[in-house]
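First up is the structure itself, then whatever we jot down about it.
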Amino acid sequence: MESQTLARKISQLALDKKGRDILILDLRKLTDITDFFVLMSGESDIHVKALTDYIEEKLAEENIKPWHREGYEVLNWVLLDFVDVVVHIFRPQVREFYSLEKLWADAPQERVVEE
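With the first letter of the sequence shown counted as 1, position 15 gets the number 47 in this note's numbering; the numbers rise by one all the way through.
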């Protein structure tokens, strides 16, 4: 699956589980480490876990699995690395503290909202 398509699919899956403040950052012209970041917030550790599990389960149905997962034990900031797309699922206060949106402010951003 093309990286932009995957980023948008992940965003839609996050909407299915009521992910908050979903943002896609296009990093293709800024770094070689990945093409896209997908950022989202979950309101509680249970919500972060639900978002993580749902995204992993739905993508696994299409034989798409993360290369690496980090932070699942603590559930403040979970990272799912699909190589060309890296998903960051934050608790709101952790997202505000690390402020990846500001760190990557030069990246084109696409805010994802329910239609």
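Idealized CB from N, CA, C, for every residue including glycine. Keep in mind the model is a prediction, meaning the values are calculated, not measured.
Straight across, the Cα-Cα distance linking residue 48 with residue 85 is about 12 Å. For residue 85, the enclosing alpha helix (DSSP H) begins and ends at 77-92.
Taking C-beta separations shorter than 8 Å and ignoring five residues to either side along the sequence, the partners of residue 140 in its chain run 57 and 58, following chain order. Distance from the CA atom of residue 88 to the CA atom of residue 54, rounded to whole angstroms, is 17 Å.
Collapsing the DSSP output to three states places residue 131 in coil. Listed in chain order, the beta strand (DSSP E) runs fully inside the region 97-128 are 100-102, 109-113 and 117-122, counting runs of at least 3 residues. Using a 10 angstroms sphere on the CB of residue 143, the tally of other CB atoms stays under 16, which defines it as exposed.
Taking C-alpha positions only, residue 130 is separated from residue 93 by approximately 32 Å.
Across the structure, residue 71 and residue 95 are spaced so that their CA atoms are roughly 22 Å apart. For residue 67, no beta strand (DSSP E) run applies, since DSSP gives it neither H nor E. For residue 36, the closest C-alpha among the options 134, 117 and 91 is that of 117.
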